[in-house]
Amino acid sequence: MRGIPEAVCKLLRLENLALDNNSIELLKPDCFANLTQLRSLTMNNNRLTEIPNHIFDSNKLLQLVNFNVNNINSIGLYVFSNASILKNLESISNRIEYLPGRAYLINVTILDVSNNLISRLDPLALTLLQEASEIRLHNNRLTRLPPEVVNITEFKGRISLHNNPWNCSCEYIWLQQWM
Numbered sequence: 001m002r003g004i005p006e007a008v009c010k011l012l013r014l015e016n017l018a019l020d021n022n023s024i025e026l027l028k029p030d031c032f033a034n035l036t037q038l039r040s041l042t043m044n045n046n047r048l049t050e051i052p053n054h055i056f057d058s059n060k061l062l063q064l065v066n067f068n069v070n071n072i073n074s075i076g077l078y079v080f081s082n083a084s085i086l087k088n089l090e091s092i093s094n095r096i097e098y099l100p101g102r103a104y105l106i107n108v109t110i111l112d113v114s115n116n117l118i119s120r121l122d123p124l125a126l127t128l129l130q131e132a133s134e135i136r137l138h139n140n141r142l143t144r145l146p147p148e149v150v151n152i153t154e155f156k157g158r159i160s161l162h163n164n165p166w167n168c169s170c171e172y173i174w175l176q177q178w179m
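In terms of the UniProt record's numbering, the sequence shown opens at residue 1 and continues consecutively.
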């Protein structure tokens with residue numbers, strides 16, 4: 001299956017949608033527009049390469065999204081702009097290189113972007129995630145944290161940063177001590 005069947009896009013009362021293990025390659029921009037009751041979406045182990053902007057604009061009740069084990073290299077900046085109650089966002093084992101700071105992160109309690117290619121973080125990303133209970137950034141390509149992220153030491157939840165090729169120069173001694 002290359003895309004999501006049109007019939008699925010017309011299930012107006014659908015709350016939970018699991019499309020795992022289907023070889024889905026693309027998402028039509030309007031597929032989720034009628035699924036206004038959607039709370040949970042899993043699309044693990046497919047062939048997605050990107051998540052287009054505004055695809056979830058109509059999904060204001062969306063709380064859980066999993067895109068694990070795909071080939072995603074980018075998640076558009078405005079993918080979740082209307083998903084203000086998004087709690088759990090997972091995109092494990094993809095090809096994401098950059099974690100942007102977007103307003104949708106403010107209510108996320110669990111963010112898992114482990115096993116990606118992330119080498120850069122927007123300083124705002126971790127600031128917005130201050131109320132999260134868990135942030136998983138392990139097994140990426142992070143060598144440093146942006147200097148603006150000094151408040152990471154005040155983070156009360158769990159943050160997983162292991163298995164990154166950290167720059168261990170003296171200017172990052174605070175990070176080593178904190179870890």
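Idealized CB from N, CA, C, for every residue including glycine.
Quick caveat: nothing in here was measured; it's all calculated off a predicted structure.
Pick helix, strand or coil for ILE83, following the three-state DSSP scheme. What sits at residue 83 in the sequence shown is Ala, not Ile. Coil.
Within the chosen definition, does the segment 94-114 reach the segment 133-141 through at least 3 CB pairs nearer than 8 Å? yes
Please say whether ASN94 and ILE72 have beta carbons closer to each other than 7 Å? yes
What residue ranges within the segment 33-61 form continuous alpha helix (DSSP H) runs of no fewer than 4 residues, ordered along the chain? none
Pairwise C-alpha distance: LEU129 and ALA103: 10 Å
How would you call ASN163, buried or exposed, if buried means at least 16 neighbouring beta carbons within 10 angstroms? exposed
Using three-state DSSP, classify LEU11 as helix, strand or coil. coil
Please report the residue range of the alpha helix (DSSP H) in which LEU126 lies. 123-128
Considering only the alpha carbon of each residue, which of SER40, LEU161, LYS10, GLU134 lies closest to LEU86? SER40
What do you get for GLU6, buried or exposed, if any count of 16 or more other CB atoms within 10 angstroms of its CB means buried? exposed
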